[in-house]
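Structure first, commentary second.
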Amino acid sequence: MAQDWKSFEPLLIPDIPNLEKIDVYEENGGYDALKKILNDRDTWSRKSVIEEVKQANIRGRGGAGFNAGLKWSFMPDPDGGPRYLACNGDESEPGTFKDRKIFEFNPHLFIEGSLIASYAMTVDTIYVYIRGEYLSWVDMLQEAVDEAYERGYLGENILGTDVSIDMELTYGAGAYICGEETAMLESLEGKRGYPRTKPPFPAQNGLWGRPTTINNIETLANVPLVINNGADWYGDIGAEEHPGPVLYGISGHVNQPGVYEYPTGIPVLDLINDVAGGIRGGKDLKAIIPGGSSTPPLRADQLDGVTMNSDSLKDVGSMMGTAGLVVMDEDTDMVDVLWRIAHFYHHESCGQCTPCRDGTGWLEKVLKKIKDGEGEMKDLDLLLDVGNQMEGRTICALADAAVWPVRHTINRFRDEFEERCKKSVHAVA
Amino acid sequence: MPEVFIDGTRYEYDEEKDEMLLQFILDQGLEVPFFCYHPSMSIPANCRQCMVKVGTPVKDQETGEYELDEDGERKIRWFPKFQTSCSTRLQDGMVVLTQESSKEVARAQKDNLEFILVNHPLDCPICDQAGECPLQIQTYKYGPEGSRFEVKKVHKPKHVDLGPRVTLDAERCINCTRCVRFTEEISETHQLTIVQRGDDNYPTTAPGEEFDDPYSLNTVDICPVGALTSTDFRFKARVWEMNQTPSIDITNGKGCNIDLWTRDNEVLRITPRQNEEVNDYWMPDEGREAYEQFNENRVDRPSIKLDGDNQSNTSWNNAIETFAEVLEANDPSDITIIGSPHASVEENYAFNKFFNLLGVRNAKFTPHVIPGAGDGFLITDDQAPNTNGCRVINLDEADDTSIQSNVAAAKVVIILSDDLVGREVLSTSDLDNPYTISLATNHSKTTKASDLVIPITCVAEHAASYVNIDGRIQRSYPAKETKYTNRRLNLEMSEGRLDRFGTNFDNWVSEENKVDCLPVWDFLNKLGDRLGLDFKYDHSREVFAELSSSIDELQGISYERMDEENGVQLPIEQKEVKA
Numbered sequence: 064m065a066q067d068w069k070s071f072e073p074l075l076i077p078d079i080p081n082l083e084k085i086d087v088y089e090e091n092g093g094y095d096a097l098k099k100i101l102n103d104r105d106t107w108s109r110k111s112v113i114e115e116v117k118q119a120n121i122r123g124r125g126g127a128g129f130n131a132g133l134k135w136s137f138m139p140d141p142d143g144g145p146r147y148l149a150c151n152g153d154e155s156e157p158g159t160f161k162d163r164k165i166f167e168f169n170p171h172l173f174i175e176g177s178l179i180a181s182y183a184m185t186v187d188t189i190y191v192y193i194r195g196e197y198l199s200w201v202d203m204l205q206e207a208v209d210e211a212y213e214r215g216y217l218g219e220n221i222l223g224t225d226v227s228i229d230m231e232l233t234y235g236a237g238a239y240i241c242g243e244e245t246a247m248l249e250s251l252e253g254k255r256g257y258p259r260t261k262p263p264f265p266a267q268n269g270l271w272g273r274p275t276t277i278n279n280i281e282t283l284a285n286v287p288l289v290i291n292n293g294a295d296w297y298g299d300i301g302a303e304e305h306p307g308p309v310l311y312g313i314s315g316h317v318n319q320p321g322v323y324e325y326p327t328g329i330p331v332l333d334l335i336n337d338v339a340g341g342i343r344g345g346k347d348l349k350a351i352i353p354g355g356s357s358t359p360p361l362r363a364d365q366l367d368g369v370t371m372n373s374d375s376l377k378d379v380g381s382m383m384g385t386a387g388l389v390v391m392d393e394d395t396d397m398v399d400v401l402w403r404i405a406h407f408y409h410h411e412s413c414g415q416c417t418p419c420r421d422g423t424g425w426l427e428k429v430l431k432k433i434k435d436g437e438g439e440m441k442d443l444d445l446l447l448d449v450g451n452q453m454e455g456r457t458i459c460a461l462a463d464a465a466v467w468p469v470r471h472t473i474n475r476f477r478d479e480f481e482e483r484c485k486k487s488v489h490a491v492a
Numbered sequence: 079m080p081e082v083f084i085d086g087t088r089y090e091y092d093e094e095k096d097e098m099l100l101q102f103i104l105d106q107g108l109e110v111p112f113f114c115y116h117p118s119m120s121i122p123a124n125c126r127q128c129m130v131k132v133g134t135p136v137k138d139q140e141t142g143e144y145e146l147d148e149d150g151e152r153k154i155r156w157f158p159k160f161q162t163s164c165s166t167r168l169q170d171g172m173v174v175l176t177q178e179s180s181k182e183v184a185r186a187q188k189d190n191l192e193f194i195l196v197n198h199p200l201d202c203p204i205c206d207q208a209g210e211c212p213l214q215i216q217t218y219k220y221g222p223e224g225s226r227f228e229v230k231k232v233h234k235p236k237h238v239d240l241g242p243r244v245t246l247d248a249e250r251c252i253n254c255t256r257c258v259r260f261t262e263e264i265s266e267t268h269q270l271t272i273v274q275r276g277d278d279n280y281p282t283t284a285p286g287e288e289f290d291d292p293y294s295l296n297t298v299d300i301c302p303v304g305a306l307t308s309t310d311f312r313f314k315a316r317v318w319e320m321n322q323t324p325s326i327d328i329t330n331g332k333g334c335n336i337d338l339w340t341r342d343n344e345v346l347r348i349t350p351r352q353n354e355e356v357n358d359y360w361m362p363d364e365g366r367e368a369y370e371q372f373n374e375n376r377v378d379r380p381s382i383k384l385d386g387d388n389q390s391n392t393s394w395n396n397a398i399e400t401f402a403e404v405l406e407a408n409d410p411s412d413i414t415i416i417g418s419p420h421a422s423v424e425e426n427y428a429f430n431k432f433f434n435l436l437g438v439r440n441a442k443f444t445p446h447v448i449p450g451a452g453d454g455f456l457i458t459d460d461q462a463p464n465t466n467g468c469r470v471i472n473l474d475e476a477d478d479t480s481i482q483s484n485v486a487a488a489k490v491v492i493i494l495s496d497d498l499v500g501r502e503v504l505s506t507s508d509l510d511n512p513y514t515i516s517l518a519t520n521h522s523k524t525t526k527a528s529d530l531v532i533p534i535t536c537v538a539e540h541a542a543s544y545v546n547i548d549g550r551i552q553r554s555y556p557a558k559e560t561k562y563t564n565r566r567l568n569l570e571m572s573e574g575r576l577d578r579f580g581t582n583f584d585n586w587v588s589e590e591n592k593v594d595c596l597p598v599w600d601f602l603n604k605l606g607d608r609l610g611l612d613f614k615y616d617h618s619r620e621v622f623a624e625l626s627s628s629i630d631e632l633q634g635i636s637y638e639r640m641d642e643e644n645g646v647q648l649p650i651e652q653k654e655v656k657a
């Protein structure tokens, strides 16, 4: 698959004008997957929908890469009370900007996917939590939702069946932490976005204490593809252990930054050189961050033969994350880059857990010191040590996400950091 | 019984209790440091201080038997991360390593304290919390020796008046959210929340709102650092200079268990004392403000009305002589005595018994109730601490009109510790005609209208018992000296640091602030001597011993039992306290 990516036809955001209009969407086979299920519920029982999605192995596109169908199967049996699907469109990690493309160009695919998910899990209310800065995208999605209500895809007795599902849009207020699934639930409940301790997991005790599943927008947009074409067809797209189409958000020093849809497993260098038009100004590649700022950066010399799927990236010591690729050319100052990332995590730590609240600030301040030419050699080991003290000791993974770039940037670009410290006003041999 | 192994020792636990690991560890008398956990509130697990290493035994899936390793020991599957013991549920066979047996855990806890101290101002020398500060104590025990933090600390608002009683120093805050959870879960006023994010976090009220929760000062108690301080007590005394004496809140009928904190015979603050039968860990702010009445406005030396409205201090001898002459000059049937729900069981009993011996009718008392003042939690409609106590010893419960008519008919009125004029049961003119004698702790409208005022000890100066609105009898201890008691001799007094460790050169016994007053029974001893009555109690213990042998409800109850059981529930039906 890795080679024939050039012949790939986009599935999530196909090149069809006005696909965001429900008429155009329907003309192009839209809502067929939903009709297929609701019109033939003997074949498509709730269980078999979950089974099909599980088989397809849609890995969560929000960063953790967990099998979506398996996640759905964690929902307890219905007890008559409310059950929720919370859709995570809060993408706010530096380098990640893919979901808004779906809101803008193919919102009904996501709506259809979330309806199928809701049917499968007997969910009656879907909440869509959208990044607060995406105000116009909220409007775009709201238009699509209104259309879907008018056509009877949402609301009471969908397509004349006894299935009733509502969808409500809501948006954040500019906090990265609200993209963490349990913090998002708190925020949806109108509280401070503090991640919850687990257990209990959201499937048992989610929104307002009720069973809740949280899925990424792009993950849900993949669901109709699976229902229409089958799990086997889906499994053949891209890398074996991480199949399907992915929206690659490419930013940084490339000629054509943007969001591109290709299968998983595409060679990283092809993505940079062919898809994104190569490095700006004909410069050399220095480093990439493969999947949003929390994923460990990779040096250019580590990228030979590396493809965009979790196994391949894991082999070289990084992660797929959200497939938000940040490309850095030879002139990039890695100390500066790392300080900027550390600044982000310091600013975005919710402050609930001690190690993250005080650790992220400590990391940033020491990096600032190095950046400003006042660093000492011992600061590099201090940074690594502080990182070790933070990792794995907090409620959510924000501390881990803050530590990984620090650890791996220092380890993989140590020369650069040492050089900066040696030149510093405090330089000690 | 299911079992857990903590640092290699086996403990059994009760599955029914559904306990968390940290609470279980504490219940065994073991220790794991923590800040955010509080047994009466929800568990946020946010301070991350109580991290321990936890593992569960591996079971064979088919047989359900424990799998064993080569040495015949159970195989343990360790959790990949440290677990916060506060939020870890006990599981049968669970193996736990705390800082006592695991260097890793000790290091993790030390790391966490290093983080907490990164932005903490470390201003212990000027912090009110020093000496009773969980952060200070646990840093000494488990913290790093120094800090590797060489960059700038975060600055946040300091000395912010959150409300009329609580002052915030946001820099000291470690964001445990105990105070926020208190207003959400205990007082339910939802007045506090955390604002900002990351290391800028601190608790405060909504913009323009005041933290005027009637229980606001409890947040000061549970604050594990000096971030929330009592505006009133701020900078008044160091913790180690004070003596801490158990007592009972006398400002309402609940009888919250409290501690009186004294220095140089002055009560400087009141804090709640845990008693899950009564007040758990809490008390209303109103009860804390009562400390002033133990120091200020006290009746000091007897006083007597000479001419017109002018009262003048007089000697005890003269007071006793005057009192005795009044009693001798009047027929017992012309004397009305009024007991008090504000006075203790022993005071009321001794008072009533003394005058009964003279042939005076049984004492009346009138409950002090403000309908609607209570909140169903720790504030009651009943404004007095001992209404049920007066009932138990069979004083005559009377309404305001019956008190008024009795006073109007009497030639002599003797009032025990109750401001009947102040609370508008009587008016000053009601007391114009009868010769009025007040036995009182504090100056009031009633003492002002009295012809003779005898100063008596307050709850902070004597050992006595009170029966709360739920029928629970609880006792107080002397916390401050009077002119006639001495902390060196008074075995009931609690010991402070100087009592225990001071030398004669420390000059720690202070003659300041001693009030010239007597316990009621002691005064009545003297009055009895003068009148030739057979009336003698050396101590309130004797009064109570007599009571417990003569009153059914009090049988088998002693001070010792009250001490051991933290108060005793009496077999009385809870009577409605009516206005």
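Chains as they are written, first to last, in this note's numbering: chain A, 64 to 492; chain B, 79 to 657. Backbone N, C-alpha and C define an ideal beta-carbon position, used for all residues, glycine too.
The beta-bridge partner set that DSSP reports for A/Ile113 is empty.
Look at B/His237 here: in three-state DSSP terms it is coil, with no helix or strand label.
B/Asn396 is classed as exposed because its beta carbon has fewer than 16 other beta carbons within 10 Å across all chains shown. As the crow flies, the alpha-carbon of A/Gly414 is around 42 Å from that of A/Leu82. Per DSSP, the unbroken alpha helix (DSSP H) holding B/Val196 starts and ends at Lys181 to Val196. Neighbours of B/Asn472 across chain A, judged by C-beta separation under 8 Å, do not exist; the nearest C-beta is about 53 Å away. Separation of A/Phe137 and B/Val173 (C-alpha to C-alpha, rounded to the nearest whole angstrom) is 28 Å. For the stretch 265-296 of chain B, the set of residues with a beta-carbon nearer than 8 Å to any beta-carbon of chain A comprises Thr271, Ile272, Gln274, Arg275, Gly276, Asp277, Asp278 and Asn279, in chain order. Proximity of chain B to A/Leu445 at the Cβ level (cut-off 8 Å) is accounted for by Arg226, in chain order. Of all residues in the stretch 129-141 of chain B, the ones placed with a Cβ closer than 7 Å to any Cβ belonging to chain A are Met129, in chain order. Beta bridge pairing from DSSP links A/Ile351 with A/Leu361 and A/Val390. Comparing alpha-carbon positions, the option among B/Ile534, B/Glu624 and B/Asp92 lying closest to B/Pro597 turns out to be B/Ile534. The Cβ of A/Ser375 sits no closer than 8 Å to any Cβ of chain B. Relative to B/Ile650, the option among B/Glu573, B/Tyr144, B/Lys230 and B/Asn546 whose CA is nearest is B/Asn546.
Its chain contains Val398, Ile433, Lys434, Gly436 and Gly438 as the residues whose beta carbon lies nearer than 8 Å to that of A/Arg483, once the 5 sequence neighbours on both sides are disregarded; these appear in chain order. In the three-state reduction of the DSSP assignment, B/Gln352 falls in the coil class.
Per DSSP, reduced to three states, the secondary structure at B/Pro158 is coil, with no helix or strand assignment. Secondary structure note for A/Lys441: its alpha helix (DSSP H) is the uninterrupted segment Met440 to Met453. Residue environment analysis places A/Glu454 among the buried positions, since at least 16 neighbouring C-beta atoms fall within 10 angstroms of its C-beta.
A check of alpha carbon separations from B/Arg575 across B/Gly209, B/His198, B/Ser225 and B/Ala441 identifies B/Gly209 as the nearest. For the stretch 293-322 of chain B, the set of positions with a beta-carbon nearer than 9 Å to some beta-carbon of chain A is empty.
The Cβ-Cβ distance between B/Ile264 and B/Ser118 falls below 8 Å.
When the five nearest sequence neighbours on each side are left out, the beta carbons in the same chain lying within less than 6 Å of the beta carbon of B/Gly171 are those of Pro135, in order along the chain.
Residue contact check for B/Ile194 against chain A: a CB pair falls below 8 Å. Taking each of A/Trp402, A/His409, A/His305 and A/Arg343 in turn and checking the Cα distance to A/Glu393, the smallest one comes out for A/Arg343. Remark: C-beta atoms of B/Gly549 and B/Lys523 do not approach each other more closely than 8 Å. Spatial neighbours of A/Gly384 in its own chain (CB-CB distance under 7 Å, excluding positions within 5 residues in sequence) are listed in chain order as Gly126, Pro353, Gly354, Gly355, Ser357 and Thr358. For B/Ala123, the nearest beta carbon of chain A is closer than 8 Å to its own beta carbon.
Per DSSP, reduced to three states, the secondary structure at A/Cys150 is strand. Under the Cβ distance rule, B/Ala186 counts among the residues neighbouring chain A, one pair being separated by less than 8 Å. DSSP lists A/Asn151 as the beta-bridge partner residues of A/Asn279. Judged by DSSP secondary structure, A/Pro170 falls within the alpha helix (DSSP H) whose first and last residues are Pro170 to Met184. Taking every protein chain shown into account, the CB of A/Thr472 has 16 or more other CB atoms within 10 angstroms, so this residue is buried. Considering only beta carbons, the part of the stretch 225-250 of chain B lying closer than 8 Å to chain A consists of Arg226, Phe227, Val229, Lys230 and Val232, in chain order. Residue contact check for A/Lys428 against chain B: a CB pair falls below 8 Å.
Contact with chain A is found for B/Lys159, since one of that chain's Cβ atoms lies less than 8 Å from the residue's Cβ.
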